[in-house]
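The listed protein sequences correspond, in order, to chains A and B.
Each residue of the first sequence is one higher than the one before, counting from 10 in our numbering.
Each residue of the second sequence is one higher than the one before, counting from 15 in our numbering.
The beta carbon of each residue, even a glycine, is placed where N, CA and C say it ideally should be.
The model shown is predicted, which means the values in this text are computed figures rather than measured ones.
Okay, so here's the structure we're looking at.
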Amino acid sequence: MDVPLGSGGAGEGKLSPDSEPPFLVLEHLDKRFGATHVTQDVSLSVARSEILALLGPSGSGKTTVLRTVAGFETPDSGRVVADGEDVTDVPPERRRFGVVFQNYALFPHMTVGENVAFALESRGVKKKEVREAVARALASVDLSGFESRPVTQISGGQQQRVALARALAPEPRILLLDEPLSNLDPSLRGRTRRELKRIIRSIGITTLFVTHEQEEAFELGDRVALLNGGRLEQVGTPRELYAAPATRFAASFIGRSSVLPATWQKSTGRARLPGGAAWPAIAPWDLLDGSPVDVIVRPEALSFGGPRDGAALEGRVTDVRYAGKETYFSVALADGAELEVLAAPDAAQPGWKVFVAPLPAGPAPRAYPRESAG
Amino acid sequence: MRRANGGAILLALLLLWLVGWPLLVTLGEALEAPRWTLRHFAEFAERPEEWRALWASVWISLATVGLAAGIGVPLAFLFERAEFPGRRVLGALVALPVVLPPLVGVIAFLFLYGESGFVARGIQALFRRDESPWRLSGPTAVLLVHAYTMYVYFYLFTRAGLSRLDGSLLEAAQALGASRRRVVTRVVLPLLRPVLTAAALLTFMTSLASFSAPYVFGGGFRVMTTQIVASKLNGDLPMAMVETVTLAVVALIGLFLLQRSEAGRVVTGGGRGIAPARRRLGRSRWIVAAFGWLLAAILLLPHATLVLVSLVPRSTWTVEILPPVLNLSNYAAVLSEPERLRPLVNSLWMAVVATAGALVLGFAAARFAVRGRARLGGVLETLLSIPWALPGTVFAVALSTTFSVHAPWIGRFVLVGTAAILPLGYLVRNLPLTGRAAFAGFRQLDPAIDEAAASLGAGRWRRMWRVDLPLLAPALAAGASLAFLTALGDFVISIVLYTYETRPISIEILSSLRLQETGVAAAYGVVLAALSAVAFFLWNRPTEAVRPPG
């Protein structure tokens, strides 16, 4: 099925948030590894100083896109344009892009200072200037005085900052980060994420980073590009992706949600669920009347109530997950489907029979054609 | 990243010329190209002595595997799994023969167990016999020397395998009610199978290629390697070619069969978890310790003998059990007389040149294949490893055949008789050692390190000097040290290709023995062993490993 893209959908040309021409443009990138089509027709634009997150599950092709931008992979077709220059065939050492690797790829036989100085020495910068630049770069990541420390004898968080300082020291045009926080302990990750954002913002460098964690993408990225199976599903601000997912995959991958099989009623704009209830829903596609759909609904869009209106679904609470002020309730419906409802902790207990209906004021359920499941 | 196919093609051509071409030329000569006839093969098939030599090579090699495993594997279990006084020191001493050239082991054995060696003299004196109680020659002698020099492969491989075993697997088996014996037979040995097969393969190939032991101890008993050299020395060149081709084929069949026995077997679990704890022995630890010390003494006694014999001045030791005079005169002769010093100098410079050449070729091939992802990567790796699969004698004959004709347009030059041929022979023989080290090093290197350097603006050469070489230095040094040791102590290639001017230490040892200068021969042996040990420990000295961060 052709996917008619609405606002914030994939593939749209004017992705930059303002009218300035985009600084980094990826045009129709295609890459195969043997029989596997790793990226398919990926097109993206990143504005100057913008931070774009490439989000997707394992095997979605996000790292391949990043590696293609870096020059480590050559696309089978398509172009990479940076600041108006086509760099598709430029070797990585001449692109002037900074890269922070998932495992940092620090040179283990060099000290912190030597690692950071490496790029400047490659360019033949004078020793004194190199020393000053290294000191500046390390200061920017709060590692002043670490020059002579072996990189093998500093903590994971410090290694991550050295990798960032090393990438930034030669003042690259674009910064590329491949899962930069995934090697850190969960306790360190949040703090380092905020730190990373502060540093990138203070420099104002155009940044593309890869992550499989939505929280990371939403916190760091000005915009998020969602990839699945080598294809771009949607590009937009975190808010757009959450509130108006363009595809069924986007709706189910971003945030918590439940999926219910239903039939589309075009005249009323409602989805008829098994058991007879009809829920008002937004359909990003022009759906045929009576066509099978998947209704995707967020837990905060549902509430417990009585059997008073036609929208209520009867079920039984099977599980409760306490989450502070509110609680997630798992509800098994009569037809076997499962729902998740966010409500006050004392709203129900396991084993209770309940009625679930969409909140009139909450984010509306969304209906997607069943065929697009993926 | 870009593929450097031009360089890879040039390198593949060079390796083809060094490794593949001589073998093809030898095959061509055996088939009497361009007449292409099987006449010499038919002649080979009609001669019973050829079949005897072929069969001898095979059964000696198989028996060597059995004997070496019989000594090496229990020894490895003893030193790796039990804790007793002196375990660490003894464990290292027992592995010592691995750094010594085969010829040194052979002559050490000769001095201890030979018919005029210490043991024979002792028995003669004890039982007041006029003649030596035995003659150390024939297949039994060859087998004894093989087992003595090659148990180390099983010992080292098994110890390494045991140290990598996941202790929790053994604990799981015990928790499931398995007896100690059942744990060994059902868990430990199946997990060790890959290392045992690797050790068996190495022992089989080394034994098949063995030349020193059958040459010195064989007497009338011939194996293929000695048969080839004898045919060549007798001037029967076509037969030498056929024998060379036959030995090469047998080696390849052996390699194929042994590798196939392991193909498709996936044994996981090694390399994870914590190695099993050593068994703390009670009172029996003193018995085990005594046994361990005795075993180590037996295994190391030949080398101690070598040192002792090297201190015996010429014509001072006749019928006595122990030598009456000991001094350093043999060493003085070896190190001061220009003609005696020459083999030492020859061996050193030729080993250095051959090692450097093999190192450069191995490194370049690995870089093209692994880093550059060149399409010819598989070809490069195969070409580098062929000399490992084929006995040294095969290459010696192949090189002497190829490089004794002046036909530059087909890549043949007269190098035999020049100073270039021996280093070239050593280089070819060293290629698998440096190549394997470089390939393994590159494969262990995180590709992101090179990508990081590239993204930081470093070009190909700078990445090589500043990143690859420093990080690969330990692996390259290990490969180079083995290559240097092999070249320094080489006998197989040397005996076919040496000239008087380029004679190396091994040839000089042999001629000293022929001249009844046993003390001088032993002194050369000790110097060779000492140089080998120094090279080994210098290049493999424990340094702080360069680990990837994190």
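(request) With 9 angstroms as the C-beta to C-beta threshold (strictly closer), list the residues of the stretch 76-103 of chain A near chain B in chain order. (result) So the close ones are Arg76, Ala79, Gly80, Phe81, Glu82, Thr83, Pro100, Pro101, Glu102, Arg103.
(message) What would DSSP say about Leu64(A), mapped onto helix, strand or coil?
(response) Three-state DSSP puts Leu64(A) in a strand.
(message) Less than 8 angstroms between the C-beta atoms of Ala341(A) and Glu349(A), yes or no?
(response) Result no, Cβ atoms of Ala341(A) and Glu349(A) do not sit closer than 8 angstroms.
(request) Check whether the Cβ atoms of Leu89(B) and Tyr169(B) lie closer than 8 angstroms to each other. (result) For Leu89(B) and Tyr169(B), yes; Cβs fall inside 8 angstroms.
(message) Taking 8 angstroms as the threshold (C-beta atoms), are Val89(A) and Leu152(A) in contact?
(response) In terms of Cβ geometry, Leu152(A) and Val89(A) do not form a close pair [threshold 8 angstroms].
(message) If I measure Cβ to Cβ from Pro301(A) and keep anything under 8 angstroms in the same chain, skipping five residues before and after, which residues do I get?
(response) Excluding five sequence positions before and after Pro301(A), the CB atoms of its chain that fall closer than 8 angstroms to its own CB belong to Pro270, Ala271, Thr272, Trp273, Pro378, Arg379, given in chain order.
(request) Tell me where the beta strand (DSSP E) around Tyr440(B) begins and ends. (result) Looking at the DSSP string, Tyr440(B) is not in any beta strand (DSSP E); the run it does join, the alpha helix (DSSP H), is 435-458.
(request) Measure from the alpha carbon of Leu311(A) to the alpha carbon of each residue in Val150(A), Ser339(A), Asn112(A), then state which is nearest. (result) Nearest C-alpha to Leu311(A) among Val150(A), Ser339(A), Asn112(A): Ser339(A).
(request) Give me the Cα-Cα distance between Phe417(B) and Gly425(B), rounded to the nearest whole angstrom. (result) Going from the Cα of Phe417(B) to the Cα of Gly425(B) covers about 9 angstroms.
(request) Kindly list, in the order they appear in chain A, the residues whose Cβ is closer than 8 angstroms to that of Asp460(B). (result) Those are Asn112, Ala114, listed as they occur along chain A.
(request) Answer yes or no: does any C-beta atom of chain A fall closer than 8 angstroms to that of Gly471(B)? (result) Yes, Gly471(B) lies at the interface with chain A (some Cβ there is under 8 angstroms from its Cβ).
(request) Go through the stretch 207-254 of chain A residue by residue and report every complete run of the beta strand (DSSP E) that reaches 3 residues or more, in order. (result) Fully enclosed beta strand (DSSP E) runs of no fewer than 3 residues occupy 215-220, 232-237, 240-245 of the stretch 207-254 of chain A, in order along the chain.
(request) Quick one: which unbroken alpha helix (DSSP H) runs of 4-plus residues sit fully inside the stretch 149-184 of chain B? Chain order, please. (result) You should have 153-178.
(request) Below 9 angstroms between beta carbons is the criterion; list the residues of the stretch 485-508 of chain B that meet it against any residue of chain A, in chain order. (result) Cβ proximity to chain A below 9 angstroms picks out Leu485, Ala487 from the stretch 485-508 of chain B.
(message) I'd like the list of long-range same chain contacts for Phe270(B), defined as Cβ closer than 6 angstroms, with 5 residues on each side in sequence excluded.
(response) Around Phe270(B), the same chain offers no residue with a beta carbon nearer than 6 angstroms, after the five sequence neighbours per side are excluded.
(request) Kindly indicate if chain A contains any beta-carbon less than 8 angstroms away from that of Arg476(B). (result) Under the Cβ distance rule, Arg476(B) counts among the residues neighbouring chain A, one pair being separated by less than 8 angstroms.
(message) Assuming contact is defined by CB atoms lying nearer than 8 angstroms, are Ala489(B) and Trp553(B) in contact in what I supplied?
(response) No, these two residues do not count as a Cβ contact at 8 angstroms.
(message) Buried or exposed for Ala22(B), going by 16 or more other Cβ atoms inside 10 Å?
(response) Residue environment: Ala22(B) is assigned as buried (16 or more neighbouring CB atoms within 10 Å of its CB, all protein chains considered).
(message) Quick check on Thr513(B): does DSSP put it in helix, strand or coil?
(response) Here Thr513(B) sits in coil by DSSP.
(request) Could you name the residues that DSSP lists as bridge partners for Ala341(A)? (result) Note: Ala341(A) is bridge-paired with Arg325(A), Glu347(A) in the DSSP secondary-structure output.
(message) I'd like to know if Ala454(B) contacts chain A, where contact means its C-beta is closer than 8 angstroms to some C-beta of that chain.
(response) No, no contact with chain A.
(message) Mapping the DSSP letters down to three states, classify Ile183(A) as helix, strand or coil.
(response) In the three-state scheme derived from DSSP, where H, G and I count as helix and E and B as strand, Ile183(A) is classed as strand.
(request) Would you mind sorting Pro204(B) into buried or exposed? The rule is 16 or more other CB atoms within 10 Å of its CB. (result) Looking at its Cβ environment, which holds fewer than 16 other Cβ atoms inside 10 Å, Pro204(B) is exposed.
(request) Give the secondary structure of Asp95(A) by DSSP, where H, G and I count as helix, E and B as strand, and everything else as coil. (result) Strand.
(request) Please compile the residues from chain B whose C-beta is within a distance smaller than 7 angstroms of the C-beta of Ser131(A). (result) The answer, in chain order, is Leu470, Gly471, Ala472, Arg476.
(request) Step through the CB atoms of chain B and report whether any lies within less than 8 angstroms of the CB of Thr175(A). (result) The sequence shown places Arg at residue 175(A), rather than the Thr named in the question. At least one chain B Cβ lies under 8 angstroms of Arg175(A).
(request) Sort Asp180(B), Phe231(B), Thr217(B) by Cα distance to Val76(B) and report the nearest one. (result) Strictly speaking, residue 76(B) in this sequence is Leu, with Val absent from that position. Answer by Cα proximity: Thr217(B).
(message) Please report the distance separating the alpha-carbon of Thr260(B) from that of Val72(B).
(response) Taking the straight line from one Cα to the other gives about 12 angstroms.
(request) Would you identify the three-state DSSP class for Thr330(B), choosing helix, strand or coil? (result) Looking at Thr330(B) - three-state DSSP - the assignment turns out to be coil, as it is neither helix nor strand.
(message) Output needed in chain order: residues of the stretch 176-201 of chain A with a Cβ under 7 angstroms from some Cβ in chain B.
(response) Those residues of the stretch 176-201 of chain A that come within reach of chain B (Cβ to Cβ, closer than 7 angstroms) are Pro179, Asn192.
(message) Do Ala372(B) and Ala497(B) have their beta-carbon atoms positioned less than 8 angstroms apart in this structure?
(response) In contact: Ala497(B) and Ala372(B) (Cβ atoms closer than 8 angstroms).
(request) Could I get the ranges of all uninterrupted alpha helix (DSSP H) runs contained in the stretch 81-127 of chain B, with 4 residues as the minimum, in chain order? (result) Listed in chain order, they are 101-108, 116-127.
(message) I'd like to know whether the C-beta atoms of Ala214(B) and Met164(B) end up nearer to each other than 8 angstroms.
(response) Not in contact: Ala214(B) and Met164(B) (Cβ atoms no closer than 8 angstroms).
(request) State buried or exposed for Tyr514(B), treating a residue as buried only when at least 16 other CB atoms are found within 10 Å of its CB. (result) Per the 10 Å Cβ criterion, exposed.
(message) What does the alpha-carbon distance come out to for the pair Asp303(A) and Asp344(A)?
(response) Spanning the two alpha carbons is a distance of roughly 15 angstroms.
(request) State buried or exposed for Trp294(A), treating a residue as buried only when at least 16 other CB atoms are found within 10 Å of its CB. (result) Looking at its Cβ environment, which holds 16 or more other Cβ atoms inside 10 Å, Trp294(A) is buried.
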